[in-house]
Each structure stands twice: as structure tokens, then as C-alpha cells.
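Trainee: Take a look at the following structure, please.
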Amino acid sequence: MNNLIILPILIPFIIGTILILFAKHHTIQRVISGITAIGMLILSIYIAVFVYQNGITVLELGNWQAPFGIVLVADMFATMMVILCSIVGVVCLFFAFQTISSEREKFFFYPFYFFLLAGVNGAFLTGDLFNLFVFFEVMLISSYVLIVMGGTKYQLRESFKYVAINVFASILFIVGVAYIYAVTGTLNLAQIAERVAEIEQTGVLNVIAVLFFVVFAMKGGLFPLYFWLPRSYYGPPAAIAALFGGLLTKVGIYAIIRSFTLIFTHDPGFTHYLIVTIAGFTMIFGVLGAVSQFDFKRILSYHIISQVGYMVMGLGIYSTLAVAGAIYYIAHHIIVKSALFLFAGATQKITGTTDLKKMGGLLKTHPYLAWMFFISAISLAGIPPLSGFFSKFPIILAGFEEGNYVIAAVALAVGLLTLFSMMKIFIYAFWGEQKHTEEQANIKVGKLLLPIVPLVALTIVLGFAAEPIFVYSLQVAEQILDPSIYIESVLKE
């Protein structure tokens with residue numbers, strides 16, 4: 003059974019390689035891609051159920067015992083993230099089937115799509131710091147190709163900033179890897195955690211902790227290193243923007259949560275206070291950027307920034323309730339944000355623009371699109387009984403319980419501004435006088451909406467089934483907040 007946990011990495015890598023051979027045969031690529039994506043979703047659910055029932059599962063590659071060999075570690079947090087990756091992977095792929103041009107398809111869209119999924123899943127499952135760096139690079143190199151695919155002037159200009167900031171972050175990452183190896187003598191995450199506990203987290207280890215936080219903050223879009231994100235995610239087609247908006251920043255957030263619940267846990271008065279402070283500024287500047295925009299996709303891009311602030315806020319508060327809320331919120335945000343970017347793509351197909359001032363009246367001509375967007379929008383804003391409310395509530399409640407009144411107040415205010423900006427999209431794009439032509443009004447988007455329906459259904463289910471979902475989130479939080487469980491599973495002590 004342990005060997006199964008390598009399949010979410012191995013399958014997309016092998017399939018991506020095979021798809022290169024069929025670069026000129028689009029139908030074959032689509033069939034292979036679709037079957038593989040659905041299969042990966044089923045596999046990820048099976049692995050998650052197994053880990054839930056049997057505990058943390060560890061695979062020692064080549065039978066080299068940890069910490070000397072490379073290990074893959076599937077705990078409840080990692081398997082949950084792999085499921086979310088698979089869900090978004092399926093939905094965005096089937097949306098891409100209908101929206102990606104043949105020009106993009108022939109330039110290896112599908113191979114790099116699966117290489118990116120392999121990198122994301124590898125980052126979630128690895129138990130080795132250097133291999134975390136490797137999987138980050140696999141993910142990022144694939145994203146570099148996908149983000150410039152199409153080669154418009156705007157894409158090339160903005161993607162250069164995306165590449166530059168991520169290359170710089172990768173340089174800092176490898177510097178951090180060298181520092182932590184110099185201090186602890188190992189790159190196995192479990193053994194690093196064990197040795198940091200032995201030598202105490204002071205002085206140089208706090209510097210290393212801040213260095214890793216900066217690296218992952220760059221990749222996660224946190225203040226003040228988010229400047230590259232809104233314009234970079236505006237350029238690509240909707241399917242790619244949804245994949246990036248739903249997944250890529252969450253890999254950085256996952257790395258932060260993993261690092262600061264497993265390794266850097268011994269001086270929370272310094273590290274976690276820094277995290278909660280950055281979370282506040284991230285939420286404020288992200289939502290102000292969204293409020294100031296009048297473009298559908300740019301508003302959504304800025305909201306990625308404000309919403310990741312909630313996730314690291316939960317980590318910074320550092321109570322079981324807060325971390326459980328952050329985990330719940332990650333699941334909610336990946337689903338809802340992906341759906342909203344796909345809605346932006348559907349409206350752009352009708353109107354030919356994402357400029358809100360040039361849109362209007364879509365509610366009259368495309369009511370299903372309008373109301374499905376409305377459900378997703380109010381979920382993002384945190385309106386009950388949808389998933390946004392039940393994932394934000396424990397984070398804010400924990401803030402008040404732990405005496406972090408300022409950050410809790412900031413989170414509430416950001417929620418109101420999020421609602422304002424999402425209603426701005428609804429009023430300008432869907433309400434009011436029809437601004438698109440009758441020919442545009444007759445454009446059918448039913449097939450485009452089909453892949454998005456599961457995401458809208460999930461945000462409803464995550465809200466109405468809040469109790470079992472939150473119980474699961476609490477179990478995940480309790481597992482990751484006790485580093486000894488992870489350490490003993492990997493090192494078999």
C-alpha cells in the first residue's frame with residue numbers, strides 16, 4: 003500500500019511525457035488527459051481514506067531508511083491537499099478542452115499541465131527539504147511555460163516579473179537549505195524538526211526561519227512580496243488563471259504551515275507573531291487593491307492576496323481552533339477561487355472583455371451563469387450558510403479567544419470589503435442594462451458551465467456539511483500541531 007503514495011507524482015509525470023509524443027494529435031491528447039485526471043482524483047481520494055483509517059503512511063524510496071534516503075510522507079494534511087489539487091486539475095482541464103486554442107494545444111499545453119500537477123503533488127507529499135525545492139522547481143518551470151503560452155505582448159511582459167521573482171525566491175530557498183543543513187546536518191524534515199528541538203530555536207535558527215518564511219511568502223503572495231501576482235494572473239487564459247489562482251499560491255502557504263508547525267515551533271512569540279502581523283497587512287493591502295479595480299479578473303487576482311492572509315492568520319494565532327479554521331479555509335478558497343476565475347472566462351467569452359464598465363445585463367441573457375457566480379461570490383465573502391462563512395468563523399473566533407483583537411477586527415473588515423468588491427462585479431457585469439449585442443447574447447455557455455458546477459456544488463456542501471468537515475479539519479490540525487506524530491512515523495522511533 004505504501005507504494006501508492008508515489009502515484010500522484012509518478013502518473014502525471016509519465017502521462018505528461020507520453021503526451022509529448024502526441025503533440026499534433028489534439029483528440030488523443032484530450033482523451034488521455036481526461037481519463038488520467040479523473041483517475042488521479044479517484045486515486046487521491048482512496049489514498050486519503052487509507053491514511054485517515056491507518057495513520058501517516060511513509061514510503062522510503064529505494065528502501066533507504068530515513069533519514070538517509072528520500073521519503074514521501076502522506077499525512078491527513080498532505081492527502082487533503084492532493085485531493086484538492088486533483089479536483090482543480092480535473093475541472094480546469096475540462097474547461098480548457100473548450101477554451102484553449104489549437105495554437106496553444108500544439109505547443110505542449112497538456113504535457114506541461116501534467117508536469118505542473120506532478121510538481122504540486124510532490125511538494126505536498128515529500129518529507130525531504132531538498133526535494134521540496136526540486137518539486138517547487140518542477141511546478142514553477144511548468145508554470146513558466148503555461149503562463150507565456152500564447153505569447154501576447156502583455157503576457158510576455160508580466161510573466162517576466164513572475165519568472166524573475168520566483169527565480170530570486172528559488173535562490174533564497176537553496177541558500178536556506180544550505181543554512182539548515184549546516185546547522186542540523188540533515189535535510190529530512192522529521193530529523194530537522196528533531197534536531198531543532200534539541201539545540202533550541204534561538205539566534206541563527208530564527209534567522210533561518212525568517213529566511214524560509216520570506217521564500218514561501220514570495221511564492222504564496224504575502225505582503226509585501228505580492229506585487230507580481232495580480233498582473234501575472236491576469237494575462238493567461240481562464241483555465242490557466244484558475245489553475246494558478248486555485249493551486250500555486252497554496253503550495254507556498256502549505257510549505258509555511260508545514261514548516262511552522264513541524265520545525266520552527268519553539269519560539270512562537272517571535273515567529274508566529276511575525277506571521278500574524280504579515281497576515282494582517284496581506285489582507286488589508288490585498289482587499290484594497292481589489293476594491294480599487296474595475297476589471298473582473300484583476301479583482302479576483304487581488305483577492306487571492308487578501309484571502310491567503312486568512313490562511314496564515316490562522317497559523318499565526320497558533321491554536322488548534324485557528325489552524326483547523328485555516329485548513330478549512332484553504333479547501334474553501336481553492337474551490338471557490340478556481341470557480342470564480344472560470345466564471346470570468348465564461349463571461350469574457352460572451353462579452354469579449356473583462357472590463358466591468360463595458361459589461362452589463364448578463365443576468366437577463368445568461369441567468370444560470372449569473373446565479374452560479376453569485377453563489378460563489380457570496381461564499382468568497384463569507385456569507386452563511388456557504389463554506390466561506392464556516393471557514394472564516396473559527397479563525398476569527400480563535401483570534402478573539404487568544405486576545406488577538408486587532409487581527410480579528412481586520413479580518414472582519416476585510417470580509418465586508420470583499421463582499422463590496424464581489425457585489426461590484428455582480429452589479430456591473432450581471433445587473434443593469436444589457437451592454438453586449440444580441441449576437442453576443444445568443445452565445446451559449448452551457449458546456450462551459452458544466453465543469454464549474456461541481457465547484458459550486460462543493461462550496462454549498464462544504465457549508466451545509468460544516469460540522470463533519472470541521473471535525474476533519476480539527477483532526478488534521480491536531481495531527482500537524484503535534485510534531486512528534488510526524489517524527490515518529492518517519493524515523494520509526
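In my numbering, the protein residues as written are 3 to 495. Positions of the beta carbon are idealized from the N, C-alpha and C atoms, including for glycine.
#1: Does DSSP put Leu-452 in a helix, in a strand, or in coil?
#2: What residues are listed by DSSP as bridge partners for Ile-357?
#3: Count the other CB atoms, across all protein chains shown, that sit within 10 Å of the CB of Thr-186; report buried if there are 16 or more and exposed otherwise.
#4: Rounded to whole angstroms, what's the CA-CA distance from Pro-69 to Thr-188? Just pull it up for me.
#5: Where does Thr-204 land, buried or exposed, given buried means 16+ other C-beta within 10 angstroms?
#6: As a quick exercise: from Gly-222, Gly-71, Ala-166 and Thr-154, pick the residue whose alpha carbon is nearest that of Ile-528.
#7: By alpha-carbon positions, which one of Val-310, Ile-385 and His-334 ends up nearest to Val-289?
#8: Among Ser-475, Val-314 and Tyr-256, which has the Cα closest to the Cα of Ile-280?
#9: Run through the stretch 212-279 for me and flag every whole alpha helix (DSSP H) of 4 or more residues, listed as ranges in chain order.
#10: Go ahead and pull the three-state DSSP assignment for Thr-188.
#11: Counting C-beta neighbours from all protein chains within 10 Å, is the total for Gly-318 16 or more, i.e. buried, or is it exposed?
#12: Just verifying my parser: in three-state terms, what is the DSSP assignment at Tyr-483?
#13: What I want to know is whether the C-beta of Glu-62 ends up closer than 7 Å to one or more non-hydrogen atoms of the ligand ZN.
#14: In the stretch 39-78, which residue ranges form an unbroken beta strand (DSSP E) of at least 3 residues, counting only runs that do not cross its ends?
#15: With a threshold of 8 Å, are at least 3 pairs of Cβ atoms found where one atom belongs to the stretch 220-237 and the other to the stretch 157-177?
#16: Can you name, in chain order, every residue of its own chain whose Cβ lies under 6 Å from the Cβ of Tyr-146, other than the five neighbours on each side?
#17: For the alpha helix (DSSP H) that contains Tyr-115, what are its first and last residues?
#18: Would you say Thr-273 and Asn-208 are within 8 Å of each other, going by their C-beta atoms?
#19: Which residues in the same chain have their Cβ closer than 8 Å to the Cβ of Ala-125, if we skip the five residues on either side of it in sequence?
#20: Is it buried or exposed for Asn-56, if we count other Cβ within 10 angstroms and need 16 for buried?
#21: Find the nearest neighbour of Leu-148 within the set Ala-244, Cys-87 and Ala-410, judged by alpha-carbon distance.
#22: What separation, rounded to the nearest whole angstrom, lies between the Cα atoms of Gln-350 and Ile-489?
#23: Count the CB pairs spanning the stretch 86-95 and the stretch 116-131 that are closer than 8 Å, and state whether there are at least three.
Mentor: Reading it off the structure:
#1: The answer is coil: DSSP assigns Leu-452 none of H, G, I, E or B.
#2: This sequence places Asp at residue 357; Ile is not what is there. By DSSP's assignment, Asp-357 forms a beta bridge with Asp-297.
#3: Classification for Thr-186: buried.
#4: Between the C-alpha atoms of Pro-69 and Thr-188 there is a straight-line separation of about 8 Å.
#5: That one is exposed.
#6: Lying outside 3 to 495, the shown extent of the chain, residue 528 is not represented and no answer is given.
#7: Of the candidates Val-310, Ile-385 and His-334, the one whose C-alpha sits nearest the C-alpha of Val-289 is Val-310.
#8: Closest in alpha carbon position to Ile-280, among Ser-475, Val-314 and Tyr-256, is Val-314.
#9: The qualifying runs are 231-236, 240-245 and 251-264.
#10: Three-state result, Thr-188: coil.
#11: Gly-318 comes out buried.
#12: Note that residue 483 is Leu in the sequence shown, not Tyr. For Leu-483, the three-state secondary structure derived from DSSP is coil.
#13: Because no ligand of any kind appears in the structure shown, any question about the ligand ZN cannot be addressed here.
#14: As for any beta strand (DSSP E) of minimum length 3 sitting wholly inside the stretch 39-78, the runs are 59-62 and 73-76, ordered along the chain.
#15: Touching, per the Cβ criterion.
#16: Taken in chain order, the residues that qualify are Val-165.
#17: Here the alpha helix (DSSP H) through Tyr-115 covers 111-127.
#18: By the CB criterion at 8 Å, Thr-273 and Asn-208 fall inside the cutoff.
#19: Excluding positions up to five away in sequence, the list reads Leu-134, Phe-137, Phe-138, Met-141, Val-253, Tyr-256 and Ala-257.
#20: Looking at its Cβ environment, which holds fewer than 16 other Cβ atoms inside 10 Å, Asn-56 is exposed.
#21: With distances taken between Cα atoms, Leu-148 lies closest to Ala-244.
#22: Distance between the alpha carbons of Gln-350 and Ile-489 is about 49 Å.
#23: Remark: three or more beta-carbon pairs, one from each stretch, lie closer than 8 Å, so the stretch 86-95 and the stretch 116-131 are flagged as touching.
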